[in-house]
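For what it's worth, the numbering used here labels the leading residue of the sequence shown as 621, then goes sequentially.
Cβ coordinates follow ideal geometry from the N, Cα and C atoms, glycine included.
Predicted model, so just to flag it, every value in this text is computed and none were measured.
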Amino acid sequence: RKAYYWSKWDLSGKPRQNEQSEIDLVPFTQDGLSSFFYVRTLPLELGKTYDFPMVNNGKLRTVRVTALRKEELTTRMGDFHAIVVKPEVVLDGVLQSYGDSFIWISDDADRQILKIDAKIKVGSVIAYLRERSYGHSASAK
621 RKAYYWSKWD LSGKPRQNEQ SEIDLVPFTQ DGLSSFFYVR TLPLELGKTY
671 DFPMVNNGKL RTVRVTALRK EELTTRMGDF HAIVVKPEVV LDGVLQSYGD
721 SFIWISDDAD RQILKIDAKI KVGSVIAYLR ERSYGHSASA K
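Written as structure tokens, this is what we have:
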């Protein structure tokens, strides 16, 4: 129930920075990557918001996800019915955003992450699911 954070910066011409912290976790705390997959498990009813804790850069934050709408999405893998969600971070009770970011999740039992359109400090990142495969053990028959 703890997360340990360590950050070390050694940049040319600047003083070294070393930061360490220990964070007490609450149930269902996610990290940056697992939070994408955690969102897939939520009911995602249109118009509803869902909050969950996330650890990022040595701090415990609240992520708020809003299920905005359903739409059709065309990808290299085909056409999908999708639920579009908007993730935001809550800092000290106030929503923080660098710009609007959205995640498209398949509206079926698989709840695949189909597309991410994320605003970041230096611009934006758009990612599409290109293929999927289901692993099988070599010994499984």
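Item: Out of Ser721, Val683, Tyr670 and Gln637, which one is the CA nearest neighbour of Val745?; Value: Ser721
Item: Taking the alpha carbon of Gln732 as the reference point, which residue from Tyr754, Ser641, Gln650 and Lys622 has its own alpha carbon closest?; Value: Tyr754
Item: Return the bridge partner residues of Asn638 from the DSSP annotation.; Value: Lys628
Item: Within 10 angstroms of the Cβ of Ser627, are there 16 or more other Cβ atoms? Answer buried if so, exposed if not.; Value: exposed
Item: Report yes if the CB atom of Val709 is closer than 9 Å to the CB atom of Leu688, and no otherwise.; Value: no
Item: Using DSSP bridges, identify the partner residues of Asp671.; Value: Arg684
Item: Leu645 and Pro673: beta carbons closer than 9 Å?; Value: yes
Item: Use the C-beta contact count for Pro647: other C-beta atoms within 10 angstroms, 16 or more gives buried, fewer gives exposed.; Value: exposed
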